[in-house]
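Have a look at the structure below, then the notes.
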Amino acid sequence: MTADFGGLGVVVGHATDLAGGTGCTVVRGVESAFRGGAVVLGRASGTRELHTLAPEHLTDRVDAVLLTGGSAYGLDAAAGVMRWMEERGRGFPVGGGAVVPIVPAACLFDLFPCGNPESRPTSAMAYDACQSATARNVAEGSVGAGTGATVGKGLGLGYAMKGGIGCAVVEVNGVKVGAVAAVNALGDVRDDGGRIVAGARDANGSWLDQRTRLGEGSSADFGSLVGANTTLAVVITSTTLSRVEVTQLARVAAVAFGRRISPVATSFDGDVIVALCPHNGSTAPALAVETLAIAVLEKAVERAVLLSRGRDGVGGAADQALA
């Protein structure tokens, strides 16, 4: 399955290490930089250069965003994005014709149960993701940063299902909003009717409903789950917003996580949402953009698990759909 980001000024590229069970995803401008904002949810995030997205930061630009597997090791892959940008003269000008590309990055933990825990995305992989990035026919499921992602881990890894990458785009009255989500959550993922579509299952394949069981005090050994769960997302709008407004866009988009992942933003999740908008473009009421951002990110989260195939003994929702 594919998604189409045409008209949003961005392209999306993946690099996938199938054998290692990891990968990375780059969201970059087609030709120019963006204005950005971000919000961090939960307590177990791993990031690089994220403060450049704060409204008070000097740099009012984002050249690319890297979503990466490999836990904190994967953040090194951002060097590949910077190299690709520098070769093309794209970045924050620092004098003498030199530039410093602004590349915020966030990582998710995929060292197990899928793949090889010694594998992690490299700068060469991130460079290739930049090079191959496209606005159309963007792959989803078990690719890029979603290659080794899993969901439904609050009751133990043995009950988990496969996570992945999901994309969605919506346009209403000339306002276009897209989303890319790498879903590696502790919680279960639900559809728009509240039904679980991927998450913790028992040996018979029945949903364990972590929201209920964890609320009653059931849990896994959380010592083994610290930092092992993260949902990363990038939301892009065609509407020009101020730095405060685009930061608020990231914040309000988090409502989508609350609607589709349960539980979410826990002490054992490191969820991060980045929002991007053009510096110069059309304008629209911020409330309209925020409302669409919630809807499109909800769909991206759901697609991330519905399109992911199982591996290494971890079942995937796409396997059931194809059965």
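Numbering (the numbering used here), first residue to last: -15 to 307.
All C-beta atoms in this analysis are idealised placements derived from N, C-alpha and C, irrespective of residue type, glycine included.
DSSP places D193 in the coil class of the three-state scheme, outside both helix and strand.
Comparing C-alpha distances from N264 to each of G178, A17, V87 shows the shortest one belongs to A17. Relative to V289, the option among V84, P269, A302 whose CA is nearest is A302. With contacts defined by Cβ atoms closer than 8 Å, K137 and L170 form a contacting pair. When P39, V78, G(-3), L(-8) are compared, the shortest CA-CA separation from T231 is found for P39. Excluding sequence positions up to five before and after H35, its CB lies within less than 8 Å of the CB of H41, all in the same chain and listed in chain order. Secondary structure at F252: coil, using DSSP grouped into helix, strand and coil.
Residue burial annotation: T221 is buried, with at least 16 other C-beta atoms found within 10 angstroms of its C-beta.
Between G79 and P262, the CB-CB gap reaches or exceeds 8 Å. DSSP links F18 through a beta bridge to V46. Nearest in C-alpha terms to A187, of all of R243, G299, V154, is G299.
Contact between the segment 128 to 143 and the segment 157 to 174 is present: 3 or more CB-CB pairs across the two stretches fall below 8 Å. Under the three-pair Cβ rule at 8 Å, the segment 7 to 23 counts as touching the segment 111 to 121. The three-state reading of DSSP puts E71 in helix, counting H, G and I together. A110 and V219 have their C-alpha atoms spaced approximately 20 Å apart.
When Cβ pairs closer than 8 Å are counted between the two stretches, the segment 232 to 246 is seen to touch the segment 272 to 289, the count reaching three or more. Taking 8 Å as the cut-off, the beta carbon of R287 is found closer than this to the beta carbon of A152. The C-beta distance from S126 to F93 rounds to 16 Å, too long to fall under 8 Å, and the pair is not in contact.
Membership of L271 in the alpha helix (DSSP H) is indicated by the continuous run 270 to 290.
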